[in-house]
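Undergrad: Same order as they appear, the protein sequences are chains D and H. For the first sequence, position 83 matches number 83 in my numbering, and the numbering has no gaps at all. For the second sequence, position 20 matches number 275 in my numbering, and the numbering has no gaps at all. For reference, the structure I am asking about is given below.
There are 2 protein chains.
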Amino acid sequence: MANDKSKFVFRNRLLCALSPSDAALLTPHLRAVTLKLRQELEQPGRPIRRVYFIERGIASVVSAGIGKDRVETGLIGPEGMTGLMVLLGNHQSPNATFIQAEGTALAIDADALRVALEKSESLRRLLLKYAQVFVIQTAQTAVANARLTLEGRLARWLLMTQDRLGESKVPMTHEFLSVMLGVRRAGVTEALHALEGKRAIRARRGEIDILDRKIIQKRAGTLYGLPEAEYERLFGTPSPSSRTPCAGRARTAAT
Amino acid sequence: MANDKSKFVFRNRLLCALSPSDAALLTPHLRAVTLKLRQELEQPGRPIRRVYFIERGIASVVSAGIGKDRVETGLIGPEGMTGLMVLLGNHQSPNATFIQAEGTALAIDADALRVALEKSESLRRLLLKYAQVFVIQTAQTAVANARLTLEGRLARWLLMTQDRLGESKVPMTHEFLSVMLGVRRAGVTEALHALEGKRAIRARRGEIDILDRKIIQKRAGTLYGLPEAEYERLFGTPSPSSRTPCAGRARTAAT
DNA sequence: GACGATGAGTACGTATGCGTACGAACGCTC
DNA sequence: GAGCGTTCGTACGCATACGTACTCATCGTC
Numbered sequence: 001m002a003n004d005k006s007k008f009v010f011r012n013r014l015l016c017a018l019s020p021s022d023a024a025l026l027t028p029h030l031r032a033v034t035l036k037l038r039q040e041l042e043q044p045g046r047p048i049r050r051v052y053f054i055e056r057g058i059a060s061v062v063s064a065g066i067g068k069d070r071v072e073t074g075l076i077g078p079e080g081m082t083g084l085m086v087l088l089g090n091h092q093s094p095n096a097t098f099i100q101a102e103g104t105a106l107a108i109d110a111d112a113l114r115v116a117l118e119k120s121e122s123l124r125r126l127l128l129k130y131a132q133v134f135v136i137q138t139a140q141t142a143v144a145n146a147r148l149t150l151e152g153r154l155a156r157w158l159l160m161t162q163d164r165l166g167e168s169k170v171p172m173t174h175e176f177l178s179v180m181l182g183v184r185r186a187g188v189t190e191a192l193h194a195l196e197g198k199r200a201i202r203a204r205r206g207e208i209d210i211l212d213r214k215i216i217q218k219r220a221g222t223l224y225g226l227p228e229a230e231y232e233r234l235f236g237t238p239s240p241s242s243r244t245p246c247a248g249r250a251r252t253a254a255t
Numbered sequence: 256m257a258n259d260k261s262k263f264v265f266r267n268r269l270l271c272a273l274s275p276s277d278a279a280l281l282t283p284h285l286r287a288v289t290l291k292l293r294q295e296l297e298q299p300g301r302p303i304r305r306v307y308f309i310e311r312g313i314a315s316v317v318s319a320g321i322g323k324d325r326v327e328t329g330l331i332g333p334e335g336m337t338g339l340m341v342l343l344g345n346h347q348s349p350n351a352t353f354i355q356a357e358g359t360a361l362a363i364d365a366d367a368l369r370v371a372l373e374k375s376e377s378l379r380r381l382l383l384k385y386a387q388v389f390v391i392q393t394a395q396t397a398v399a400n401a402r403l404t405l406e407g408r409l410a411r412w413l414l415m416t417q418d419r420l421g422e423s424k425v426p427m428t429h430e431f432l433s434v435m436l437g438v439r440r441a442g443v444t445e446a447l448h449a450l451e452g453k454r455a456i457r458a459r460r461g462e463i464d465i466l467d468r469k470i471i472q473k474r475a476g477t478l479y480g481l482p483e484a485e486y487e488r489l490f491g492t493p494s495p496s497s498r499t500p501c502a503g504r505a506r507t508a509a510t
């Protein structure tokens, strides 16, 4: 699980955006890890041990009331990181975070991150910028849940997922989607059929092909694109100069 | 609007929780202001000029997609402050914030707050703790919008509002509630009748009396109480010693 | 190549909430 | 105390989504 830590080529956009000195601060603590499907990165009320900068794959933040009934409130891919609460100074979260699409990440001990955050103001600034985007994403989810039809919420979810996967095939079952969206499994099936009827997607067993994002975006209405736009505004087009070595970045959101 | 700034007695719980030195840092910049109904404290995409520590009344954060269709995603009372995005290092927000129940606040220029935040790590820590609670509140709203019936969402909203007002009378019209919850006005009327039938509330013209919180809590299910509990966990019972002078604090959430 | 497990299609009755609309009640102003 | 604007009660038809449940398809496994 550990790795030669001398030189990473980052796919994670946050790591790519680090200044050289901040990169030097973090890199010694980063460990390449694989993210297995349904692996739990954070559990409600438990101490957060590690924070993950996603390189490939998707982590999902799900919230619940005091009991069960989890619903997804945030999506994290190679544009972001887990451990929002650590950034804000907490050691735990009432939410759970788990892997929704397997991949890899660079992980850092929460304590090491805390130390680095105290040392470097620019690091704090950078990561808190991501916190902003994440907060906005959560707020948008709240609005989407209130105002969008099931098909619309599904459309929004597909777009956000595809952005983070960077592929046209989304490997998810209806059952899983229904849990994420907090709706009935059969409802997902029907909504997917509706999208399929419009030639927007093609559904296979355990997999959804995205055929036409434009059509899907129409379904999601105005509730797709704002966090993505805010991300671009805050992080800008990554200037290759004076930045940490960086792999070609994952596709960004279309507006 | 200005004020003798030498001695404040704070009702705002965040200000109350300030260490003496942090209080000394902020106090010179605080101005007592009145919050008028529907006054806009932040507008989407506009620079955030001032940040408000609510002393009495309620501010409401509403989010929208790229277009209209605003829905409330956060509530702020004397336990909190506006300007979350300033805390996170931004100068603007895609959300709007406006006064939902009139009152008063202590306001500080966003720039002055930024300077103070840079100077004092303990101040940063404290205010970011509130940011945590606010983020959790937003996530809970997302879950509530996905899973709760209209009556449940209304119940949750009534409880949160009453916590912040500290009174048993909530002065709101059905029309206004419908906008906040993102539902139909007539739907609010019906849901209120349902609650009234259970003797949980009593609805007058433009005003709702809270009669029995227990019954209302049953309606809100598990989706009321988590942010409130987290607030108490993080801020604890305010120890009167070594703290800034503080008025008797507003009622806290019952669990 | 049969079996079990998982995933997907479908269906029926019901509940929740929407859009719209109209009228009644209340409260303020002149 | 007449007039008017706001607020609230109510109603009807319809869309959306639910809960439940049964069947069929697909896949991996022995």
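From the three backbone atoms N, C-alpha and C, an ideal C-beta is built for every residue, glycine too.
Whole angstroms is fine: what's the gap from R474 of chain H's alpha carbon to W157 of chain D's?
TA: Position 219 of the second sequence, counted from the first residue, corresponds to residue 474 of chain H. Position 157 of the first sequence, counted from the first residue, corresponds to residue 157 of chain D. So the two alpha carbons sit approximately 29 Å from each other.
Undergrad: Quick check on L35 of chain D: does DSSP put it in helix, strand or coil?
TA: Within the first sequence, the letter at position 35 stands for residue 35 of chain D. Three-state DSSP puts L35 of chain D in a strand.
Undergrad: According to DSSP, simplified to helix, strand and coil, what is R184 of chain D?
TA: Position 184 of the first sequence, counted from the first residue, corresponds to residue 184 of chain D. Coil.
Undergrad: Could you tell me whether the Cβ of A107 of chain D comes closer than 8 Å to any Cβ of chain H?
TA: Stepping through the first sequence from its first residue, residue 107 of chain D is reached at position 107. Chain H contact via Cβ: absent.
Undergrad: Tell me the rounded alpha-carbon separation between T404 of chain H and T141 of chain D.
TA: Within the second sequence, numbered from 1, the residue matching residue 404 of chain H stands at position 149. Within the first sequence, numbered from 1, the residue matching residue 141 of chain D stands at position 141. C-alpha separation (whole angstroms): 17 Å.
Undergrad: Which value, in whole angstroms, describes the spacing of the CA atoms of L342 of chain H and A386 of chain H?
TA: Numbered from its first residue, the second sequence carries residue 342 of chain H at position 87. Numbered from its first residue, the second sequence carries residue 386 of chain H at position 131. Using only the alpha carbons, I get a separation of about 8 Å.
Undergrad: DSSP puts G103 of chain D in a beta bridge; with which residues?
TA: As a working mapping, residue 103 of chain D is identified with position 103 in the first sequence. DSSP output for G103 of chain D lists D:L35 as bridge partner(s).
Undergrad: Tell me the DSSP secondary structure of K453 of chain H in three-state form.
TA: Here the question's residue 453 of chain H lines up with position 198 in the second sequence. Coil.
Undergrad: Determine whether the Cβ of I48 of chain D lies closer than 8 Å to any Cβ atom of chain H.
TA: By one-based count along the first sequence, residue 48 of chain D stands at place 48. No, no contact with chain H.
Undergrad: Report back the beta-carbon spacing between L35 of chain D and T104 of chain D to the nearest angstrom; my notes put them in contact at under 8 Å.
TA: As a first step, residue 35 of chain D is located in the first sequence; it is residue number 35 there, counting from the start. As a first step, residue 104 of chain D is located in the first sequence; it is residue number 104 there, counting from the start. That belief holds up - the Cβ atoms of L35 of chain D and T104 of chain D are roughly 6 Å apart, short of 8 Å.
Undergrad: Per DSSP, what kind of secondary structure is T328 of chain H in: helix, strand or coil?
TA: Working through the second sequence from its first residue, we reach residue 328 of chain H at position 73. Looking at T328 of chain H - three-state DSSP - the assignment turns out to be strand.
Undergrad: What would DSSP say about C271 of chain H, mapped onto helix, strand or coil?
TA: By 1-based counting over the second sequence, the position of residue 271 of chain H is 16. C271 of chain H: helix per DSSP, three-state reduction.
Undergrad: Under 8 Å between C-beta atoms, does K384 of chain H make it to chain D?
TA: As a first step, residue 384 of chain H must be located in the second sequence, where it is residue number 129. Output row for K384 of chain H: interface = yes.
Undergrad: Beta carbon of E451 of chain H, beta carbon of K424 of chain H: below 8 Å?
TA: Residue numbering aside, residue 451 of chain H sits at position 196 when the second sequence is read from its first letter. Residue numbering aside, residue 424 of chain H sits at position 169 when the second sequence is read from its first letter. It is not a contact, given that the beta carbons lie outside the stated cut-off.
Undergrad: Taking the alpha helix (DSSP H) that R266 of chain H falls in, what are its first and last residues?
TA: As a position in the second sequence, residue 266 of chain H is number 11, starting the count at 1. Segment: none, R266 of chain H is in no alpha helix (DSSP H) and carries neither H nor E.
Undergrad: Give me the chain D residues within the contact set of V390 of chain H, using Cβ-Cβ distance strictly less than 9 Å, ordered along the chain.
TA: Start at 1 with the first residue of the second sequence, and residue 390 of chain H comes out as number 135. Neighbours of V390 of chain H on chain D, chain order: L84, M85, L88, A131, F134, V135 and T138.
Undergrad: What residue range is occupied by the uninterrupted alpha helix (DSSP H) comprising G407 of chain H?
TA: For the purposes of this step, residue 407 of chain H is identified with residue 152 of the second sequence, where counting begins at 1. First-last of the alpha helix (DSSP H) with G407 of chain H: L405 to L420.
Undergrad: For a contact meaning CB atoms closer than 7 Å, what does T222 of chain H contact in chain D?
TA: Absent from the model: residue 222 of chain H. The displayed extent of chain H is 256 to 510, so no value can be given.
Undergrad: In this structure, what does DSSP give as the bridge partners for R459 of chain H?
TA: For the purposes of this step, residue 459 of chain H is identified with residue 204 of the second sequence, where counting begins at 1. Its beta-bridge partners are H:E462.
Undergrad: Quick one: give me the first and last residue of the beta strand (DSSP E) that S512 of chain H is part of.
TA: Outside the shown range of chain H, which is 256 to 510, sits residue 512 of chain H, and nothing can be said about it.
Undergrad: Taking the alpha carbon of A155 of chain D as the reference point, which residue from D:L75, D:I216 and D:E121 has its own alpha carbon closest?
TA: As a position in the first sequence, residue 155 of chain D is number 155, starting the count at 1. Here the closest residue by C-alpha is D:I216.
Undergrad: Taking the continuous beta strand (DSSP E) assigned at L343 of chain H, which residues delimit it?
TA: As a first step, residue 343 of chain H must be located in the second sequence, where it is residue number 88. Careful: L343 of chain H lies outside any beta strand (DSSP E) and carries neither H nor E.
Undergrad: DSSP three-state call for L383 of chain H: helix, strand or coil?
TA: For the purposes of this step, residue 383 of chain H is identified with residue 128 of the second sequence, where counting begins at 1. Reduced to three states, the DSSP call for L383 of chain H is helix.
Undergrad: By Cβ distance, which residues of its chain are closer than 7 Å to G335 of chain H, with the 5 residues on each side in sequence left out?
TA: As a first step, residue 335 of chain H must be located in the second sequence, where it is residue number 80. L269, I309, Y385 and F389.
Undergrad: Give me the residue from H:G344, H:V288, H:F353 and H:R402 with the minimum Cα distance to A64 of chain D.
TA: On the first sequence, residue 64 of chain D is found 64 positions in, with the first residue counted as 1. The shortest Cα separation from A64 of chain D among H:G344, H:V288, H:F353 and H:R402 belongs to H:R402.
Undergrad: What residues in its chain sit with their C-beta under 6 Å from that of E485 of chain H, if we drop five residues either side in the sequence?
TA: As a first step, residue 485 of chain H must be located in the second sequence, where it is residue number 230. Same-chain partners within the cutoff: V388 and I391.
Undergrad: How should F265 of chain H be labelled, buried or exposed, when 16 other C-beta atoms within 10 angstroms of its C-beta is the threshold for buried?
TA: The residue given as residue 265 of chain H occupies position 10 in the second sequence. Result: buried.
Undergrad: Could you work out which residues of chain D lie near T282 of chain H, taking near to mean beta carbons separated by less than 9 Å?
TA: As a working mapping, residue 282 of chain H is identified with position 27 in the second sequence. Ordered by position in chain D, no residue passes the 9 Å Cβ test against T282 of chain H, which lies about 23 Å from the chain.
Undergrad: So I216 of chain D is in the alpha helix (DSSP H); what residue range does that whole segment cover?
TA: Here residue 216 of chain D corresponds to residue number 216 of the first sequence, with the count starting at 1. Residues R213 to A220.
Undergrad: Buried or exposed for F263 of chain H, going by 16 or more other Cβ atoms inside 10 Å?
TA: As a working mapping, residue 263 of chain H is identified with position 8 in the second sequence. Buried, because 16 or more other Cβ atoms sit within 10 Å of the Cβ of F263 of chain H.
Undergrad: Just how far apart, CA to CA, sit Q298 of chain H and R204 of chain D?
TA: Residue mapping note: residue 298 of chain H aligns to position 43 of the second sequence, counting from 1. Residue mapping note: residue 204 of chain D aligns to position 204 of the first sequence, counting from 1. Distance between the alpha carbons of Q298 of chain H and R204 of chain D: 44 Å.
Undergrad: Taking Cβ to Cβ, would you say L292 of chain H is nearer than 8 Å to Y307 of chain H?
TA: What you label residue 292 of chain H is simply residue 37 of the second sequence in a count that begins at 1. What you label residue 307 of chain H is simply residue 52 of the second sequence in a count that begins at 1. Not closer than 8 Å, so no.
Undergrad: In angstroms, rounded to a whole number, what distance separates the CA positions of R506 of chain H and G332 of chain H?
TA: Sequence index remark: in the second sequence, residue 506 of chain H carries index 251 (1-based). Sequence index remark: in the second sequence, residue 332 of chain H carries index 77 (1-based). Because R506 of chain H carries a pLDDT of 45, less than 50, the predicted location of this residue cannot be relied on, and the following value inherits that uncertainty. The alpha-carbon atoms of R506 of chain H and G332 of chain H are separated by roughly 11 Å.
Undergrad: Does DSSP put R304 of chain H in a helix, in a strand, or in coil?
TA: For the purposes of this step, residue 304 of chain H is identified with residue 49 of the second sequence, where counting begins at 1. Coil at R304 of chain H, not helix or strand.
Undergrad: How big is the Cα-Cα spacing for R46 of chain D and D109 of chain D?
TA: In the first sequence, residue 46 of chain D corresponds to position 46, counting from 1. In the first sequence, residue 109 of chain D corresponds to position 109, counting from 1. The straight-line gap from Cα to Cα measures roughly 15 Å.
Undergrad: Beta-carbon of N145 of chain D versus every beta-carbon of chain H: anything under 8 Å?
TA: Position 145 of the first sequence, counted from the first residue, corresponds to residue 145 of chain D. Judged by the 8 Å Cβ criterion, N145 of chain D is in contact with chain H.
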